[in-house]
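Inspection log for the structure reproduced underneath, given as structure tokens.
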Amino acid sequence: MKKTVCIILIITFLLVPLNSCGEIEIVELNERLIIEAIGIDKENGKYNVTIEGLDSYTAGSDSNSVSGEELTKCYLFEGETIGMAMNSISVITGQIPLFSQARVLIIGRDTATNFLSEALDFFRREYTTRTDILIAVADGKASDIVSADFGKNVSAGKILESALKSYKHTGTSVYIPLYKFLNNAMNESDAAYCPLLTVKDNEYTKKKDVKILGTVVIGKNSDTVLSPEQTQSLTIINNDTENGDMTIETEKGKCTLEIIDSISKIKTEIINEKTVFDIKTKIKCDIPEFQSETFSGLSKSDTEKIAEIAAKKLTSMISDTITEFYIDKNFDIFNFNRRINLADNRFYSEQLNKGGNFGKLSVFNISVEVSVRRIGKVVLEKE
Amino acid sequence: MERLGKISAFQMFSVLLLSRIIALFTFMLPSASYLPSGDRIITTIPVIFIELIFTAIVIFCLKYCGSKSIISAASDISDIFGKLVSVAYALCFIWFAGIAVSRFELFISTVMFPNSELYLMTIILLSASFYASLKGIEAIGRASSILSVLLGASILFILITVSDEFEFTNLKPLLTQGITPILRFAFYISTRAVELITILITAPLVKGNIKRMTTSWVIFFGILTTLILIILAGVTGEYGDDQIFPLYTLTVIAKFGIFERLDDIMSGLWVLCGFIQVSFLIFLSCFSLRQSMKKAKKLPVCLVCTLGVFGVYLFSSQTVTSFSEIVASFMQDILFVVSAAALPLLITAINFIRKKKSA
Chain A
1 MKKTVCIILI ITFLLVPLNS CGEIEIVELN ERLIIEAIGI DKENGKYNVT
51 IEGLDSYTAG SDSNSVSGEE LTKCYLFEGE TIGMAMNSIS VITGQIPLFS
101 QARVLIIGRD TATNFLSEAL DFFRREYTTR TDILIAVADG KASDIVSADF
151 GKNVSAGKIL ESALKSYKHT GTSVYIPLYK FLNNAMNESD AAYCPLLTVK
201 DNEYTKKKDV KILGTVVIGK NSDTVLSPEQ TQSLTIINND TENGDMTIET
251 EKGKCTLEII DSISKIKTEI INEKTVFDIK TKIKCDIPEF QSETFSGLSK
301 SDTEKIAEIA AKKLTSMISD TITEFYIDKN FDIFNFNRRI NLADNRFYSE
351 QLNKGGNFGK LSVFNISVEV SVRRIGKVVL EKE
Chain B
384 MERLGKISAF QMFSVLLLSR IIALFTFMLP SASYLPSGDR IITTIPVIFI
434 ELIFTAIVIF CLKYCGSKSI ISAASDISDI FGKLVSVAYA LCFIWFAGIA
484 VSRFELFIST VMFPNSELYL MTIILLSASF YASLKGIEAI GRASSILSVL
534 LGASILFILI TVSDEFEFTN LKPLLTQGIT PILRFAFYIS TRAVELITIL
584 ITAPLVKGNI KRMTTSWVIF FGILTTLILI ILAGVTGEYG DDQIFPLYTL
634 TVIAKFGIFE RLDDIMSGLW VLCGFIQVSF LIFLSCFSLR QSMKKAKKLP
684 VCLVCTLGVF GVYLFSSQTV TSFSEIVASF MQDILFVVSA AALPLLITAI
734 NFIRKKKSA
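The listed protein sequences correspond, in order, to chains A and B. Note that the numbering used here has the first sequence beginning at 1, numbered continuously upward. Note that the numbering used here has the second sequence beginning at 384, numbered continuously upward.
As structure tokens, this is what we get:
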């Protein structure tokens, strides 16, 4: 009896919401616009949001072939704010946007330099977007990259994502999800950085290709660009190098070194109002190629010489990058200021109040140790 | 006489753990954002200390009452006083359950079903909790012991997978604003540990050593919190500082092989945690009320308590700012101190005096 009463009561209790089921909006997958890539530009005081969306009607149809309709479509939305522009998606496309699938967020360079916090607030605040989306800056307008024709049935979002993930192989670009970018952008003394992209014509396919120009650093209303070589120095210092290669010239020939492991340790000390950074880097390399006049192998002394030259080159690269960006331009992309803060908060706060040019107060001791593991063909030293 | 179901100390530990995790990590208290992440991490030390003080008070009162709950001890003084105390605790639990439902709805409607009004989900949650509370503490305890293992493993898995992204430079120096904000924040966090109050009522229902269980719960949760806060700060840095759902933020970042959406996989666990917490609090409010109304049937009392919880939810869930104000209000501090320490100590003191006089 008790059980029956209980069940009746629960059913009665559930009748209220069940009767209101008609008010619940059920969105089918084909009513969704699955966002692949987002481009943000600000022009004439208004935001232009370029969206590449997966056309779920075409994706689900039988004509999903090379001869069929395009899998993805690009749309341009305009609004006073990004939120307003996003809200007009449904009006124009007739589909409800699904932001959580977006692969990349591209911001126009001018917009990133001058309106960074405005442009990113929507993505920081709105939970429909994901904070692990990859971010990059377009050299020019973001719309040009998101709407670029990379080929039939090729998603720009996927191509851009693959390009941004190429850091794993080259070591000359950075991999920055939105939360990491925001972490730097929101810090009082950091400069945020991310890859700088452009598109170029492919003369064979007559389509577009994506190209990473380097790394753009966004400061307070100004920006600067690191070349791919300087980006490699940055990733080595920040321990973000997973792979990569470099070329050095020796007396016997030209050598390609493939980085297989890199560890940097930074010790920070404040001595007499000066910050001393001891940067010790250990890099392990393979030699996949050694261009010389003969097909000879490499001896122990050859590899030691190569390692020495490589270490010198890397030391110089790292030193130049630090000097140019941290000391001369005052862009902290290496988290040195955070290290100073951790080492001596009082000193950090004082210097921050004075303008925060920590680079001018810093001394760097850089040492790079390169070891060569695999060389292909070994030659024993002659007595 | 209705048979009282009993649960083991581990099951009770699980219930308390799940309730505390969902309460603290699915909604970071608004005042947390004023503390640098370094100071926030070390706040866990005074939090453990303060909670252990409250635990000592609770254990002392329970020990003095024998194996009775604090309501039974109050009834020993006088029937009317006992009834007043039982109603007070019932209202207290209804209030906390309502706040828990609001927090749950806020979390779900923000991260899982954004921009949605979730009355339906809330009503289903309350219906399920109502049903579970009717089933008694044994059912809640058994469910939570399984769930706590699942949740514990999930949290550990997430922490391990995101530890790759940990950067030492994301951490902040300690004590940059002195000790006072840390202590104030520690007191603030400690007085939201409503689970401590529940021990005063559930003591007779727990088999095993309550003292050891509560102490280990406080210390274990303190260590877990420290670990989560260190990893959150080390992985997300400045970005994590202004996140109101910190554990969710970590799950979004966590990736492991083909499992790229751990936050979606975790969604079910959050819902179940919310269900356990609300069921437990509804059960306690019903249990407290029935201690003063011995002839009252379980079902109508539970129903009234559930409706009360729904009322508190409607009152407190209007906007995120009003919810934050309610959670952060000074009244919450007073409510906790009175129900966890002042009232039990008063009851114990009166009983002590009465015993002395009668001796």
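Beta carbons are placed, not taken as given, at the ideal position from N, Cα and C, and that holds for glycine. Note that the structure is predicted; figures quoted are calculated from it, not measured.
Cutoff 9 Å: residue i Cβ touching any chain A Cβ
{"i": "B:N553", "result": "yes"}
{"i": "B:D422", "result": "no"}
{"i": "B:E550", "result": "yes"}
{"i": "B:T702", "result": "no"}
{"i": "B:D459", "result": "no"}
{"i": "B:D547", "result": "no"}
{"i": "B:T426", "result": "no"}
Whole-angstrom distance between residue j and residue i, CA atom to CA atom
{"i": "A:I271", "j": "A:N184", "result": "27 Å"}
{"i": "B:F393", "j": "B:R595", "result": "11 Å"}
{"i": "B:F706", "j": "B:D459", "result": "38 Å"}
{"i": "B:F666", "j": "B:S397", "result": "16 Å"}
{"i": "A:S296", "j": "A:Y204", "result": "38 Å"}
{"i": "B:L655", "j": "B:L530", "result": "8 Å"}
{"i": "B:V470", "j": "B:A480", "result": "15 Å"}
{"i": "A:S56", "j": "B:F432", "result": "56 Å"}
{"i": "A:D41", "j": "B:L503", "result": "40 Å"}
{"i": "B:S516", "j": "B:A473", "result": "14 Å"}
{"i": "A:I375", "j": "B:F628", "result": "50 Å"}
{"i": "A:L213", "j": "A:D286", "result": "26 Å"}
{"i": "B:F410", "j": "A:T247", "result": "52 Å"}
{"i": "A:V372", "j": "A:K168", "result": "20 Å"}
{"i": "B:S537", "j": "B:M649", "result": "8 Å"}
{"i": "A:L298", "j": "A:Q291", "result": "11 Å"}
{"i": "B:P419", "j": "B:L612", "result": "11 Å"}
{"i": "B:G640", "j": "B:T634", "result": "14 Å"}
{"i": "B:L728", "j": "B:C444", "result": "6 Å"}
{"i": "A:N353", "j": "A:E188", "result": "11 Å"}
{"i": "A:E126", "j": "A:L116", "result": "16 Å"}
Within chain A, the residues that residue i reaches when beta carbons sit closer than 8 Å
{"i": "B:P564", "result": "Under the 8 Å cutoff, chain A gives no residues; its nearest Cβ is about 15 Å from B:P564."}
Proximal residues of chain B, C-beta to C-beta of residue i below 7 Å
{"i": "A:D132", "result": "V635, I636"}
{"i": "A:M186", "result": "E621, Y622"}
Helix, strand or coil at residue i [DSSP, three-state]
{"i": "A:Q95", "result": "coil"}
{"i": "A:P288", "result": "strand"}
{"i": "B:P497", "result": "coil"}
{"i": "A:I318", "result": "helix"}
{"i": "A:G244", "result": "strand"}
{"i": "B:T581", "result": "helix"}
{"i": "B:T756", "result": "Shown here, chain B extends from 384 to 742; a query on residue 756 of chain B therefore has no answer."}
{"i": "A:I8", "result": "helix"}
{"i": "A:D79", "result": "According to the sequence shown, residue 79 of chain A is Gly rather than Asp. Three-state result, A:G79: strand."}
{"i": "B:V661", "result": "helix"}
{"i": "A:Y204", "result": "coil"}
{"i": "B:I736", "result": "helix"}
{"i": "A:V66", "result": "The predicted position of A:V66 is uncertain, since its pLDDT is 48 and thus under 50; a value taken from the coordinates is nonetheless stated next. Coil at A:V66, not helix or strand."}
Sheet register partners of residue i (DSSP bridge)
{"i": "A:R32", "result": "A:I96"}
{"i": "A:I38", "result": "A:I51, A:L105"}
{"i": "A:F364", "result": "A:F277"}
{"i": "A:E269", "result": "A:V276"}
{"i": "B:C669", "result": "BP columns for B:C669 are empty, so no partner."}
{"i": "A:K211", "result": "A:T198"}
{"i": "A:E369", "result": "A:K282"}
Under 7 Å by beta carbon: chain A residues contacting residue i
{"i": "B:V494", "result": "Y127"}
{"i": "B:T559", "result": "N345"}
{"i": "B:P587", "result": "The contacting residues do not exist; B:P587 stays about 24 Å from chain A at best."}
{"i": "B:P556", "result": "N341, L342, N345"}
Any chain B beta carbon closer than 9 Å to residue i
{"i": "A:P177", "result": "yes"}
{"i": "A:S88", "result": "no"}
{"i": "A:R411", "result": "In the structure as shown, chain A begins at 1 and stops at 383. Residue 411 of chain A is therefore absent and cannot be evaluated."}
{"i": "A:N335", "result": "yes"}
{"i": "A:S233", "result": "no"}
{"i": "A:S296", "result": "no"}
{"i": "A:S262", "result": "no"}
{"i": "A:S117", "result": "no"}
Contacts that residue i makes with chain B (C-beta to C-beta distance below 8 Å)
{"i": "A:L182", "result": "E621, Y622"}
{"i": "A:N353", "result": "Neighbours of A:N353 on chain B: none; closest Cβ ~14 Å, over 8 Å."}
Contact set between residue i and chain A, taken where Cβ atoms lie within less than 9 Å
{"i": "B:P497", "result": "E126, Y127, T128"}
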